[in-house]
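Here is the structure we will look at.
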Amino acid sequence: ETAGDAATKKPNPASLPTNAIVHPLVLLSATDHYVRVAKDTSKRVVGVLLGAKEVAGERDSWKLATHEGQYSSQDVVNITNSFAVPFEEDDKDPKIWFLDHNYLENMFAMFKKVNAREKIVGWYSTGPKIRSADLEINEVFKKYTKNPVLVIIDVQPKDELGIPTDAYVAVDEVKDDGTPTRRSFQHLSSEIGAEEAEEIGVEHLLRDIKDTTVSTLAERVNAKLASLKGLKARLQDIHAYLEAVAQGSMPVNHEITFLIQEIFNLLPNLSVEELVRSFSVKTNDMMLVIYISSLIRSVIALHNLINNKINLKDAENDDGKDEKKKKEEKEKQEKEAKGKDGKEDKDKDAKEKKGKESKGG
1304 ETAGDAATKK PNPASLPTNA IVHPLVLLSA TDHYVRVAKD TSKRVVGVLL GAKEVAGERD
1364 SWKLATHEGQ YSSQDVVNIT NSFAVPFEED DKDPKIWFLD HNYLENMFAM FKKVNAREKI
1424 VGWYSTGPKI RSADLEINEV FKKYTKNPVL VIIDVQPKDE LGIPTDAYVA VDEVKDDGTP
1484 TRRSFQHLSS EIGAEEAEEI GVEHLLRDIK DTTVSTLAER VNAKLASLKG LKARLQDIHA
1544 YLEAVAQGSM PVNHEITFLI QEIFNLLPNL SVEELVRSFS VKTNDMMLVI YISSLIRSVI
1604 ALHNLINNKI NLKDAENDDG KDEKKKKEEK EKQEKEAKGK DGKEDKDKDA KEKKGKESKG
1664 G
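Written out as structure tokens, the structure is:
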């Protein structure tokens, strides 16, 4: 079988999914459901997941590519929508629970009229962990889909490095000792995926809650820091696993060791002269830009300082001229007032003298 045949091969309907892609609309709906029903309580909410089980690479809008560049033929559950379902469970006895089947079927019938392509692919819970009644609830959803996927959505995530979803599928555990099989949940790899229209909507939502006081550079630095923290956490997990295997407390898993070896194979060889020279050239170019930027910033700062001093000196000169002008006007007004008073006194004296003369005559 060639790689092209593997890419176009249709999955077996009875096969289990190996990957779950959760769209942003599902996360928003589940969070809104929790806030409306169970906020500030220890209760959880349950809902139905809608989507399609497809082969990766079948739709160009959400391609998944392997490291060889070929499309994987693994079964992928594309979870595009969801809706809430009335659900109650006893706090004391978790085996007592209620799920409204009629509401589920009526809502799905209405969703089907809007988008007939979307099918029931599983159910979600706000957990935040798997509970004892989840296997029984999962059996109920088998009525609507062959292998329902359980996605536990953490509506109050404490770990900022990981994604708030965990996907599971129920499988039969076969024991080597011949004991009866039992059902248990198997973990699936999950990721957050969005189509172009959803990405635009999420960007608009983030724009409303974005802190405008934080610069773009600070956001980029914080994103780099979060990425490095995530890398450190993953490396610590690998280190802990390898130590446990070396001490014999955990069995060797050849698939994990193969993936670790693949990681080391993908690391660049830093001893190659051409790669070292490329890094040096790139670093020197970046340092040159930083150096020139610092020089320009210093020149602009000096230019602004000089302009500020000139403006301050002009303002002081203008203030001195205004004060001198005001003083001259005040002196002029005082002189005019004195001259007017002197003239009035002279007129008065002249009148008095004239009156005396007329009496003497």
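Using my numbering, you'd call the opening residue of the sequence shown number 1304 and step up by one each time. Glycine included, each C-beta is placed from N, C-alpha and C at the ideal position. Keep in mind the model is a prediction, meaning the values are calculated, not measured.
- Considered as a whole, the region 1323 to 1348 harbours no complete run of any beta strand (DSSP E) with no fewer than 3 residues.
- Non-local C-beta neighbours of H1336 in its own chain, meaning closer than 7 Å and more than five positions away in sequence, comprise V1348, G1350 and A1387, ordered along the chain.
- V1474 is positioned such that its CB atom lies no closer than 7 Å to that of V1452.
- In the three-state scheme derived from DSSP, where H, G and I count as helix and E and B as strand, T1560 is classed as helix.
- When the Cα atoms are used, V1592 and L1598 turn out to be separated by approximately 10 Å.
- Secondary structure at A1470: strand, using DSSP grouped into helix, strand and coil.
- A straight-line Cα-Cα distance of about 44 Å links E1522 and E1619.
- Within the DSSP secondary-structure output, Y1447 pairs in no beta bridge.
- In this structure, I1455 lies near G1430, with their beta-carbon atoms less than 7 Å apart.
- Here K1422 carries a strand assignment [DSSP, helix/strand/coil].
- Counting C-beta pairs with one atom in each stretch, the region 1432 to 1448 and the region 1485 to 1502 have three or more that are closer than 8 Å, which means they touch.
- Distances from the alpha-carbon of L1402 to those of S1428, F1414, A1653 and K1395 put S1428 closest.
- Here R1486 is bridged, per DSSP, to D1475.
- Between A1323 and S1493, the C-beta spacing is below 7 Å.
- Linking V1380 to N1405 through their CA atoms gives a straight-line distance of about 25 Å.
- Setting aside the 5 residues that flank it on each side, D1469 is surrounded in the same chain by I1455, each with a C-beta closer than 6 Å to its C-beta; the list follows chain order.
- Going by C-alpha positions, V1338 is about 10 Å away from T1344.
- H1507 and N1556 have their C-alpha atoms roughly 44 Å apart.
- A straight-line Cα-Cα distance of about 48 Å links T1560 and I1595.
- Within the DSSP bridge table, the entry for A1355 names N1381 as partners.
- Straight-line spacing of the CA atoms in D1396 and P1389 works out to 18 Å.
- Beta-bridge pairing by DSSP links V1454 to Y1427 and A1470.
- Assignment of beta-bridge partners to L1491 by DSSP yields A1470.
- Within the DSSP secondary-structure output, L1402 pairs in a beta bridge with F1390.
- Of the candidates I1423, L1464 and G1465, I1423 places its Cα closest to the Cα of Y1447.
- Under the three-state reduction of DSSP, G1350 is assigned to strand.
- If you look at D1540, you'll find it in the alpha helix (DSSP H) that goes T1519 to Q1550.
- Assignment of A1497 by DSSP, reduced to helix, strand and coil, places it in the coil class.
- Around the C-beta of S1385, 16 or more other C-beta atoms lie within 10 Å, and the residue is accordingly described as buried.
- Burial is judged here by how many other beta carbons sit within 10 angstroms of a residue's own beta carbon; N1450 has at least 16 and is buried.
- V1458 is positioned such that its CB atom lies no closer than 7 Å to that of I1382.
- Residue burial annotation: D1511 is exposed, with fewer than 16 other C-beta atoms found within 10 angstroms of its C-beta.
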